[in-house]
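Here's the structure we're looking at; comments come further down.
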Amino acid sequence: FVCRLCAGMQRVAGPFSQLRSLWSRIPLVSKPATPPRTAQRSSPRAMSGTHTYQYPRPGLTVDAVMVTGEERPQVLLIRRKNDPFAGSWALPGGFVDEGEDLGAAAARELEEETGLSAREAGLTQVGAFGEPGRDPRGWCVSVAYAALLPAQAEVLGADDAEEAQWWPVAEVPGRLAFDHKLILRCAFQHLARQDATPAALAAGLRDAAARLEGPWRQEPR
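Just so you know, full-length UniProt numbering puts 213 at position 213 of the sequence shown, and the rest follows in order with no gaps.
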């Protein structure tokens, strides 16, 4: 009986000894599993260098809204020479150079396209305009500036401007390039709120802003 019992125990212990041998070959500490490729970050916003992320970057432009005249306020517009919107009326403006201050860029573009110096005009920032699709050239954000001039100055279209002209704010063309009609409306409201704006001029700007209606974004012809 004892012999048969020992033989039975050996047959039962056989599989357990094999399992113990297999277990001993598995390392106690293993490397973390690599996540599946679908879980790994493959976004264009992945980190690239210290504190730098590969975010898509929009084009950056500036526009200048120059207003003059107390009793009969006028605004400065340019006729575009180049596409998009060649031949359309627009605000003076253009692309910001790399490393350039935004206000300095607005003053530079204004002088390049109209000959008007804004150094003493006191440009103030109106806001940023970045609705998708506002520029047919691609994703582009514009920062608008505005200023009041004490007197109407002589202007001359140059650089990207075919023509430069003062327009009565009540007679601004119904079709302006890009979303410049919206920028004009916001700039008129901005200037009307300034303490330094004469009461009659502020009233004229508020009326002109109320007359400007959408659609704000224009498509090239």
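Cβ coordinates follow ideal geometry from the N, Cα and C atoms, glycine included.
Given 7 Å as the limit, tell me if residue i has its C-beta closer than that to any heavy atom belonging to the ligand MN.
| i | result |
| --- | --- |
| tyrosine 53 | Among the components of this structure there are no ligands whatsoever, and the ligand MN is therefore not found. |
With a threshold of 8 Å on Cβ separation, who are the neighbours of residue i within its own chain once the five nearest residues in sequence on each side are excluded?
| i | result |
| --- | --- |
| leucine 205 | Val67, Pro73, Val169, Phe188, Gln189, Leu191, Ala192, Thr197 |
| proline 132 | Trp139 |
| threonine 141 | The question names threonine, but residue 141 in the sequence shown is valine. Taken in chain order, the residues that qualify are Pro58, Gly59, Leu60, Thr61, Ala128, Phe129, Gly130. |
| glutamine 152 | Thr68, Gly69, Gln74, Trp166 |
Give me the residue from the options with the minimum Cα distance to residue i.
| i | options | result |
| --- | --- | --- |
| proline 173 | Trp139, Leu212, Pro150 | Leu212 |
| alanine 208 | Trp167, Asp179, Arg217, Pro220 | Trp167 |
| leucine 102 | Leu76, Val126, Gly157, Val75 | Val126 |
| valine 143 | Pro150, Leu156, Gly115, Leu184 | Leu184 |
| glycine 214 | Val155, Gly157, Asp179 | Asp179 |
Take residue i and list the residues in its own chain whose beta-carbon comes closer than 7 Å to its own, dropping the five residues that flank it on each side.
| i | result |
| --- | --- |
| lysine 31 | Legend: pLDDT at lysine 31 = 49, less than 50; position of this residue unreliable, value from coordinates given subsequently. Closer than 7 Å at the Cβ level, and outside the excluded window around lysine 31, lies no residue. |
| residue 247 | A question about residue 247 goes unanswered here, because the residues of the chain that appear run from 1 up to 221. |
| aspartate 159 | Glu112, Glu113 |
| serine 117 | Glu111 |
| arginine 41 | With a pLDDT of only 45 at arginine 41, under 50, the local geometry of the prediction cannot be trusted, and the value read off the model is given with reservation. Cβ within range, chain order: n/a, list empty. |
DSSP beta-bridge partners for residue i?
| i | result |
| --- | --- |
| arginine 79 | Trp89, Glu163 |
| glutamine 74 | Thr68, Pro168 |
| valine 62 | Gly94, Val143 |
| alanine 208 | Its beta-bridge partners do not exist; DSSP assigns none. |
Grab me the residues of residue i's own chain with a C-beta within less than 6 Å of its C-beta, minus the 5 sequence neighbours each way, in chain order.
| i | result |
| --- | --- |
| arginine 79 | Trp89, Glu162, Glu163 |
| phenylalanine 85 | Ala177, Pro220 |
| leucine 201 | Glu70, Pro73 |
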